[in-house]
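Using the numbering used here, the first residue of the sequence shown is number 201, and each one after it goes up by one. The beta-carbon is built from N, C-alpha and C at its ideal position, and this holds for glycine as well. Worksheet for the structure shown next.
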Amino acid sequence: MDKIADILKKKEHVCSFEFFPPKTDKGFENLVRTIEQLAVFKPDFISCTYGAGGGNRAKTLDVVQHIQQQHKITELTHLTCVLHTKNEIRNILEDIRSRGIKNVLALRGDPPQDNPGWKPGRDNFKYSSELCRFIRDHFGNDFSIGVAGFPEGHILCPDKDRDAQYLKAKIDNGADFVITQLFFDNKLYFDYAARLRKLGVTAPIIPGILPVTNYQGLVKFCGTCGATVTEEVKKIFEPIQNDPEATIAAGVRFAVRQCRELLDGGAPGLHFYCLNKISPTDKILAELRKQK
Ligand SMILES: Cc1cc2nc3c(=O)[nH]c(=O)nc-3n(C[C@H](O)[C@H](O)[C@H](O)COP(=O)(O)OP(=O)(O)OC[C@H]3O[C@@H](n4cnc5c(N)ncnc54)[C@H](O)[C@@H]3O)c2cc1C
201 MDKIADILKK KEHVCSFEFF PPKTDKGFEN LVRTIEQLAV FKPDFISCTY
251 GAGGGNRAKT LDVVQHIQQQ HKITELTHLT CVLHTKNEIR NILEDIRSRG
301 IKNVLALRGD PPQDNPGWKP GRDNFKYSSE LCRFIRDHFG NDFSIGVAGF
351 PEGHILCPDK DRDAQYLKAK IDNGADFVIT QLFFDNKLYF DYAARLRKLG
401 VTAPIIPGIL PVTNYQGLVK FCGTCGATVT EEVKKIFEPI QNDPEATIAA
451 GVRFAVRQCR ELLDGGAPGL HFYCLNKISP TDKILAELRK QK
């Protein structure tokens, strides 16, 4: 499988999907079907998130390996360092490498709900930048490394300039590319990219796209991750929040417009948060490709 850093060098625009590891066997079967149907869009890579804790963490690698072996699509495994010791991380990275996985999204993660007070000690990584350095020091160029970026600043660091400095530290420590948190105002993305370029960061910054399918769920989620529900989004989706079909149709229209503007403005691709569903990512991509 390819390294994402190499794909990004070759292609003007990449397209990628993100899934999460299902909790049940039935969920896994459903995800397999979703991947099968979205694979027809020939994504450049597919990623799978890494759970905040518990038994589900091992499932990430099963999903990623399925993507790689069944579909021959480049894979990206997320890896968070919360709750893991450095030694455990080294063992997991060895497992990842032995499975032929070449791409890792290096994240700090957040303490899980059942252990909210967890704090890193001497045997843990404190920040994602430390994980990036560890991967490069111990695994050389075996992996292409991606990191998370926050156009509005991370929820715990609303000072955008400071947060951009922390992002730069991840790149300086070996990361190759950035995938952003969701956002609804493209200006946030373009300003973020400009802020990072000013600091000398040249790595590709792939915008993360969350299509709106459920307004109330969206407002709740944005509250937890610090993304702004813009006035425009409120105006479009609040009045139709009890009409699922109208919400999905408006969500597709909004996402198509947002994606088109991002690509036209120089974004190196689009990373879709698919939430393990085929639709509406399929509709958005079909529409975008029709416009090309
Ligand atoms: C694309 C994407 C994918 C994600 N996938 C997952 C996933 O699979 N699983 C999961 O659990 N979560 C995931 N997350 C959520 C992410 O783990 C959380 O947002 C987490 O709080 C931050 O992770 P990070 O890697 O950005 O951390 P870091 O880069 O370590 O930053 C964490 C906080 O510390 C601050 N900081 C960084 N460096 C320093 C420093 N040197 N000194 C002081 N402060 C510093 C930052 O500003 C920020 O507030 C994802 C997020 C994104 C955008």
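Nearest to residue i (by Cα), restricted to the options the options
i: Val264; options: Leu396, Arg299 and Glu431; result: Arg299
i: Leu149; options: Thr447, Pro243, Asp385 and Thr224; result: Because residue 149 is not part of the residues shown, which for the chain are 201 to 492, the question remains open.
i: Lys477; options: Cys459, Pro468 and Ile448; result: Ile448
i: Leu238; options: Val214, Leu485 and Ile301; result: Leu485
i: Leu231; options: Val214, Phe241, Glu212 and Ile267; result: Ile267
i: Ala393; options: Leu418, Tyr366 and Gly349; result: Gly349
i: Arg297; options: Ile345, Leu208, Pro320 and Gly317; result: Ile345
Residue j beta carbon less than 8 Å from that of residue i
i: Ser328; j: Val304; result: no
i: Asp323; j: Thr285; result: yes
i: Asn256; j: Lys226; result: no
i: Pro411; j: Ala467; result: no
i: Ile246; j: Ser216; result: yes
Reduced DSSP category for residue i - H, G, I as helix; E, B as strand; rest coil
i: Tyr250; result: coil
i: Gln381; result: strand
i: Phe217; result: strand
i: Pro444; result: helix
i: Gly417; result: helix
i: Tyr327; result: coil
i: His266; result: helix
i: Ser479; result: coil
i: Val452; result: helix
i: His284; result: coil
i: Phe350; result: coil
i: Leu279; result: strand
i: Leu261; result: helix
i: Leu396; result: helix
i: Gly408; result: strand
i: Ala306; result: strand
Beta-carbon separation (whole angstroms), residue i vs residue j, contact threshold 8 Å
i: Phe325; j: Phe334; result: 7 Å
i: His271; j: Cys248; result: Actually they do not touch by this definition, with Cβ atoms about 13 Å apart.
Sequence-ordered residues whose beta carbon comes within less than 5 Å of a heavy atom of ligand 1:
Thr249, Tyr250, Ala252, His278, Thr280, Leu307, Arg308, Gly309, Asp310, Tyr327, Ser328, Ala348, His354, Leu356, Cys357, Asp363, Tyr366, Ile379 and Gln381
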